[in-house]
Every structure is written in C-alpha cells, then in structure tokens.
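Chemist: Everything in the sequence shown is counted per numbering that gives the first Met the number 0, starting at 0 for the first residue and increasing by one.
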Amino acid sequence: MTAEPHTQVHHDSRSRVIEPLYAEILRRNRGETEFHQAVREVLETLGPVLAKRPEFVDARIIERICEPERQLIFRVPWSDDSGDIHVNRGFRVEFNSSLGPYKGGLRFHPSVNLGIVKFLGFEQIFKNALTGMPIGGGKGGSDFDPKNRSDAEIMRFCQSFMTELHRHLGEYTDVPAGDIGVGGREIGYLFGQYKRITNRYESGVLTGKGLGWGGSQARTEATGYGCVLFTAEMLRTRGEDLDGQRVAVSGSGNVAIYATEKAQQLGATVVTCSDSDGYVVDDKGIDLDLLKEVKESGRGRVSEYAQRRGGASRFVPGRGVWEVPCDVALPCATQNEITGDDAITLVRNGVKAVAEGANMPTMPEAVRVLQEAGVAFAPGKAANAGGVATSALEMQQNASRDSWSFGYTEERLADIMRYIHHSCHTTAERYGSPGNYVVGANIAGFEVVADAMLAQGLI
0 MTAEPHTQVH HDSRSRVIEP LYAEILRRNR GETEFHQAVR EVLETLGPVL
50 AKRPEFVDAR IIERICEPER QLIFRVPWSD DSGDIHVNRG FRVEFNSSLG
100 PYKGGLRFHP SVNLGIVKFL GFEQIFKNAL TGMPIGGGKG GSDFDPKNRS
150 DAEIMRFCQS FMTELHRHLG EYTDVPAGDI GVGGREIGYL FGQYKRITNR
200 YESGVLTGKG LGWGGSQART EATGYGCVLF TAEMLRTRGE DLDGQRVAVS
250 GSGNVAIYAT EKAQQLGATV VTCSDSDGYV VDDKGIDLDL LKEVKESGRG
300 RVSEYAQRRG GASRFVPGRG VWEVPCDVAL PCATQNEITG DDAITLVRNG
350 VKAVAEGANM PTMPEAVRVL QEAGVAFAPG KAANAGGVAT SALEMQQNAS
400 RDSWSFGYTE ERLADIMRYI HHSCHTTAER YGSPGNYVVG ANIAGFEVVA
450 DAMLAQGLI
C-alpha cells in the first residue's frame, strides 16, 4: 500500500536528515551514552516539524543545536582536613545561548562525566525554552563526592572549583544553579568565592541563593511543586484531578519531598519514598514532617523513616518503588530508573499518569510501554521545568533589586507550568500526535530555539 504523502514526507525527513545526523553524533561523541539517548529521544520526534519547516534543514539547525557552543573541562585541586591533596575534574558545557545567558545547574557526584553533563545541558536547552523565559541552556559539575565530607572540605573544593570557572560566568553570560550534591551550602561557598575574585556583588550570577542574600522564595520547592502542577494539568485534560489519587514517588531528596508536599496539598495520598538502599511504602500516606526530620539529621536514610514511623510503614531493601500499585507515578530520583519491566508493572497495576521530576528517569523502552498503554506521560523537560523557571524569577528579582513573597512567586510558578502544559498539549495536536507530551515538548522547545537561531544568522 502506498504511504500517504504527509507520512512519506515525515519518513523522508527522517531518513534524509535525522538518521545520518545521529550516526555522525555517535561518531563524534563516542562513549557518551546518556548524551546519545537524550539526542535520540529528541530527534525521533522532529520529522513532522522538519517536513513543515524546510528552512530548519537548509540552515542545518539540528547540527548546530546538537553541538555545544563551548565545552569546558578543568582540574580542581583541593586539600582535605588531613592535608592530603585530591584532584577532581570540573565541567561546564555552555550549550546554546540563542534565547539568553546559559542557564543550568551544577552537579557534584562521582558519576559526573562529560557525557552526563552534555545530556543534561542538551535537555536544558529545550526545558528552558519551554518556560517562555529568556534563558539559554547549559550544565556543569564535577566528579567530586560531597558525601561524608566536612563543611571545611566542601568549602575548599567549592573555592577551587569557582577559581577556575568564574572567568566564564556572568549574569548576562552564564548563570549556574544547584543540582544533585549542590544545595544552599555549596551555592553560598561558590558565590562567596566569585564575589571575592571579581570584587563585585553580582547577585544574578548564581541562583538557589539563601533568602537573606538574593535568593527567591519558593525556589527550594519549585521543581517538585512544578512537577505536580503539570501532572494536575495532564489529568485535567482527561476529566480528573489529583484529589483521592494514590501516588508513588521515587527518591527522598529535595524534588521528591516537595513533589510529595504539593501532591498532598492537592488531596493525593503519597505512599512511597526511596533512596539507593531501597524504598518505603506507607499505605496511610508519607508523614512528610517525619521524612524531612530524618533527611535533615544524620545519614538520613529512608529505612530510618520506616523504623520511626512504625505501623503500616515498611522498608523494602534493594528494590524499586515501581512495584507498588499507584494511580500516578512521579520519578524524582535520577536518570534511567524506570525500566521497560517497571513500566509493564506500572501499567498492569493501573497507573494513569507518569511525570518526570528527575532528568530522563524513564528509559526509552519504558516510555514506549507507557504511551502504547494510553498512560499520560510527561517528559522531564516539561514536567520538571519549574525549578529553572523559578531560578529565572530569582534572576528577575536580582536585576530589579526586589524580593517577592512566597505566595506571589508560587503564583508565577503555577502560571508558567500551565503555560508549559498548554504549549506541549497544543503543539502535539498541531503536529498530529494529540496527547503525546514527548512530541509536544520536544517540538515546542525546538521551534522556539530554532527560530531564534535563524534570526541571529549563522552562529
């Protein structure tokens, strides 16, 4: 049977442009598996937009978007409390500045390498574009492990890291924030060293700052809150809401805690949390005050939560939360945590919606399983964009020497998440994939960036 002309054009765009480009990306970025996965996931959805907008092909927009504007790798020497010297590796990938200064977090974790930073930076381009805010995409970090290090050791590491990185930063150039392993303490040490070296109080150069010195209300809560607000919008398109839904959340860090908080505020029962040792299931609903208390004291493992909670709460070692029946799943831990088998289990147990609170936590085969089963699936570049959106709001407050209330900032966050959902939802419909938020998010973000790059010439 002859293919429909429209379908044939999409296929031709894919075979003529996307497949050779992906092969070239694999050749030029060897061993960077997370980056390959992130690029593939975006490229697979762009056939329709390339067929409709041939100027993007002629200007080789995709090739330019997939190649970072700048990749920085540098040595970070520091001494521990015993005087022993250590050498770590620092990274900053300044990926795309067509919409504004590079914006994206710093991650301190032993797993950090160039491929992971590039995957995160590539995702950040489209995530930032979806917010409607004037911010480009970047990401950075180090293979330094802050776990079990003293405050003094972390300060010395941060000072050494910033001594090299500062020359590439600026409120109109590149604005880092926190990520895994980089919280308020680390941002404070980094900002102090930047201020010391540059001899200026440039508040807008880092986001995630303390409330007393340029930080924004609701920034701590923003990623988790935003993920749940996006989920609520997805459910609303299906005539449902979060009230009364049973929710499984993975992780027990900042994103997981505040996703749990917002879901509870909207009437859901959150029954899980997890860490690298295993997970807790609490059928009465997670006691958030207790979880916060556990996380803020000592080792902060979720097994301690289960011990102290007692009753219906139990700790399951060495396993993942996705075997727990739920209506809504919110992966808020790390990349590639939902496998194909996990997705099959979730579908079998009746999951209605999955929204990524973490970056790329759902493996490609799992996404396919969920979408084929009719589950509403929100990719991280849309669902977890609330964090970077609120960072952009922090930059606004810094630029105007202003400070907004929690309520006003949360209102702005809710508006942005509704805007992102609307953009993804309508773009998917416009390109013939109604209800497919992966297609909607990728194409909506891509079009904004591609149009800006076309307007700015061959850059």
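All C-beta atoms in this analysis are idealised placements derived from N, C-alpha and C, irrespective of residue type, glycine included.
From the DSSP secondary-structure annotation, give me the bridge partner or partners of T268.
Modeler: Counted from its first residue, the sequence shown places residue 268 at position 269. Answer by DSSP bridge pairing, in chain order: R245.
Chemist: My output table needs one value for T6: the three-state DSSP class, helix, strand or coil.
Modeler: Locating residue 6 in the sequence shown gives position 7, where the first residue counts as 1. Confidence at T6 is low in this model, with a pLDDT of 41, below 50, so the placement of that residue is unreliable and no value is reported for it.
Chemist: Quick one: measure Cβ to Cβ for L189 and L205, integer angstroms, because I've assumed they're closer than 8 angstroms.
Modeler: Here residue 189 is taken as the residue at index 190 of the sequence shown, counted from 1. Here residue 205 is taken as the residue at index 206 of the sequence shown, counted from 1. That pair is a contact at about 6 angstroms.
Chemist: Just mark H424 as buried or exposed, buried being the case when its beta carbon has 16 or more other beta carbons within 10 Å.
Modeler: Here residue 424 refers to the residue found at position 425 when the sequence shown is read from its first residue. Looking at its Cβ environment, which holds 16 or more other Cβ atoms inside 10 Å, H424 is buried.
Chemist: Ignoring anything shorter than 3 residues, give me the beta strand (DSSP E) runs that lie fully in the segment 93-125, in order along the chain.
Modeler: Correct list: 101-107.
Chemist: Would you check if there are 3 or more beta carbon pairs closer than 8 angstroms linking the segment 301-318 to the segment 221-237?
Modeler: no
Chemist: Identify every residue that forms a DSSP beta bridge with N87.
Modeler: Translated into positions along the sequence shown, residue 87 becomes position 88. Its beta-bridge partners are V75.
Chemist: Assign P433 to buried or exposed, taking buried as 16 or more other Cβ atoms, counted over all protein chains shown, within 10 Å of its Cβ.
Modeler: Taking the first residue of the sequence shown as 1, we reach residue 433 at position 434. P433 comes out exposed.
Chemist: What residue range is occupied by the uninterrupted beta strand (DSSP E) comprising K138?
Modeler: Residue mapping note: residue 138 aligns to position 139 of the sequence shown, counting from 1. K138 -> beta strand (DSSP E) spans 135-141.
Chemist: Compare the Cα-Cα distances from A255 to each of V48, G386, Y407, T197 and report the closest residue.
Modeler: For this step, residue 255 is matched to residue 256 along the sequence shown. With distances taken between Cα atoms, A255 lies closest to G386.
Chemist: Starting from A451, follow the alpha helix (DSSP H) in both directions and report where the run begins and ends.
Modeler: Taking the sequence shown and counting its residues from 1, the one referred to as residue 451 is at position 452. Residues 436-454.
Chemist: Beta-carbon separation of S390 and K194 under 8 angstroms?
Modeler: For the purposes of this step, residue 390 is taken as the residue at position 391 of the sequence shown. For the purposes of this step, residue 194 is taken as the residue at position 195 of the sequence shown. Cβ atoms of S390 and K194: not closer than 8 angstroms.
Chemist: What is the DSSP secondary structure of E173, counted as helix, strand or coil?
Modeler: Here the question's residue 173 lines up with position 174 in the sequence shown. Note on identity: in this sequence residue 173 is Asp, with Glu being the wrong assignment. It is a strand residue.
Chemist: Indicate whether the contact test is met: 3 or more Cβ pairs, each with one atom in the segment 85-92 and one in the segment 127-147, closer than 8 angstroms.
Modeler: yes
Chemist: Check whether the Cβ of V437 lies closer than 8 angstroms to any Cβ atom in chain D.
Modeler: No chain D appears in this structure, which consists of one protein chain only.
Chemist: By DSSP, does R27 sit in helix, in strand, or in coil?
Modeler: Position 28 of the sequence shown, counted from the first residue, corresponds to residue 27. DSSP places R27 in the helix class (H, G or I) of the three-state scheme.
Chemist: In chain order, what residues of the same chain have a beta carbon less than 8 angstroms from the beta carbon of Q370, not counting five sequence neighbours either side?
Modeler: Here residue 370 corresponds to residue number 371 of the sequence shown, with the count starting at 1. So the qualifying residues of the chain are F376, N435, V437.
Chemist: At a cut of 8 angstroms, does the segment 392-409 reach the segment 243-255 through at least three beta carbon pairs?
Modeler: no
Chemist: Could you work out which residue in L329, G30, Y171, D282 is closest to A258 when comparing CA atoms only?
Modeler: Stepping through the sequence shown from its first residue, residue 258 is reached at position 259. If we check each option's Cα against that of A258, L329 comes out closest.
Chemist: Can you tell me the Cβ-Cβ gap for V270 and Q263, rounded? I've got them flagged as a contact below 8 angstroms.
Modeler: Residue mapping note: residue 270 aligns to position 271 of the sequence shown, counting from 1. Residue mapping note: residue 263 aligns to position 264 of the sequence shown, counting from 1. No, V270 and Q263 are not in contact; Cβ-Cβ is about 11 angstroms, not under 8 angstroms.
Chemist: So, P67 versus T172, is the Cβ gap smaller than 8 angstroms?
Modeler: Along the sequence shown, read from residue 1 onward, the residue named residue 67 stands at position 68. Along the sequence shown, read from residue 1 onward, the residue named residue 172 stands at position 173. For P67 and T172, no; Cβs fall outside 8 angstroms.
Chemist: To which residues of the same chain is A381 closer than 7 angstroms at the C-beta, ignoring the five residues directly before and after it?
Modeler: Along the sequence shown, one-based indexing puts residue 381 at 382. These residues qualify, in order along the chain: L129, F229, I419, C423, Y436, A440.
Chemist: Taking the continuous beta strand (DSSP E) assigned at G277, which residues delimit it?
Modeler: Counting from 1 along the sequence shown, the entry for residue 277 is found at position 278. Its beta strand (DSSP E) spans residues 277-281.
Chemist: Short of 7 angstroms in beta carbon distance, which residues of its chain neighbour R27, apart from the five on each side in sequence? Order them along the chain.
Modeler: Sequence index remark: in the sequence shown, residue 27 carries index 28 (1-based). Counting only Cβ-Cβ distances below 7 angstroms, and skipping sequence neighbours, we find nothing.
Chemist: Using the rule of at least 16 other Cβ atoms within 10 Å of the residue's Cβ for burial, across every protein chain shown, is F405 buried or exposed?
Modeler: The sequence position of residue 405 within the sequence shown is 406, counting from 1. Its Cβ having fewer than 16 others within 10 Å, F405 is exposed.
Chemist: For S202 and V280, I'd like the C-alpha separation in whole angstroms.
Modeler: For this step, residue 202 is matched to residue 203 along the sequence shown. For this step, residue 280 is matched to residue 281 along the sequence shown. Answer to the nearest angstrom: the Cα atoms are 42 angstroms apart.
Chemist: Could you work out which residue in R52, G356, E152 is closest to D83 when comparing CA atoms only?
Modeler: Taking the sequence shown and counting its residues from 1, one reaches residue 83 at position 84. The shortest C-alpha separation from D83 is found at E152.
Chemist: Might you give, ordered along the chain, the residues of its own chain that have their beta carbon closer than 6 angstroms to the beta carbon of A2, omitting 5 neighbours on each side?
Modeler: Here residue 2 refers to the residue found at position 3 of the sequence shown. Because the pLDDT of A2 is 40, which lies under 50, any placement of that residue in the model is unreliable, and the question is left without a value.
Chemist: CB V448 to CB L98, shorter than 8 angstroms?
Modeler: The residue labelled residue 448 in the question sits at position 449 within the sequence shown. The residue labelled residue 98 in the question sits at position 99 within the sequence shown. In this structure, V448 sits near L98, with a CB-CB distance shorter than 8 angstroms.
Chemist: Could you give the residue range of the alpha helix (DSSP H) that holds P47?
Modeler: Counting from one through the sequence shown, the residue named residue 47 turns up at place 48. 46-51 is the span of the alpha helix (DSSP H), which, as asked, contains P47.
Chemist: Would you list, in sequence order, the uninterrupted beta strand (DSSP E) runs of no fewer than 3 residues that lie entirely inside the segment 359-403?
Modeler: 375-377
Chemist: Expressed to the nearest angstrom, what Euclidean distance is found between the alpha-carbon atoms of G284 and L265?
Modeler: By 1-based counting over the sequence shown, the position of residue 284 is 285. By 1-based counting over the sequence shown, the position of residue 265 is 266. Rounded to the nearest angstrom, the two C-alpha atoms are 13 angstroms apart.
Chemist: Any contact of the segment 106-117 with the segment 166-183, i.e. 3+ C-beta pairs under 8 angstroms?
Modeler: yes
Chemist: DSSP puts F314 in a beta bridge; with which residues?
Modeler: Numbered from 1 along the sequence shown, position 315 holds the residue referred to as residue 314. DSSP lists V279 as partners of F314.
Chemist: Thinking just about the alpha-carbon of each residue, which of D144, S312, P175, I61 is nearest to the one in M452?
Modeler: As a position in the sequence shown, residue 452 is number 453, starting the count at 1. Of the candidates D144, S312, P175, I61, the one whose C-alpha sits nearest the C-alpha of M452 is I61.
Chemist: Measuring straight from C-alpha to C-alpha, what distance separates L345 and M359?
Modeler: The residue given as residue 345 occupies position 346 in the sequence shown. The residue given as residue 359 occupies position 360 in the sequence shown. Rounded to whole angstroms, L345 to M359 spans 17 angstroms at the Cα level.
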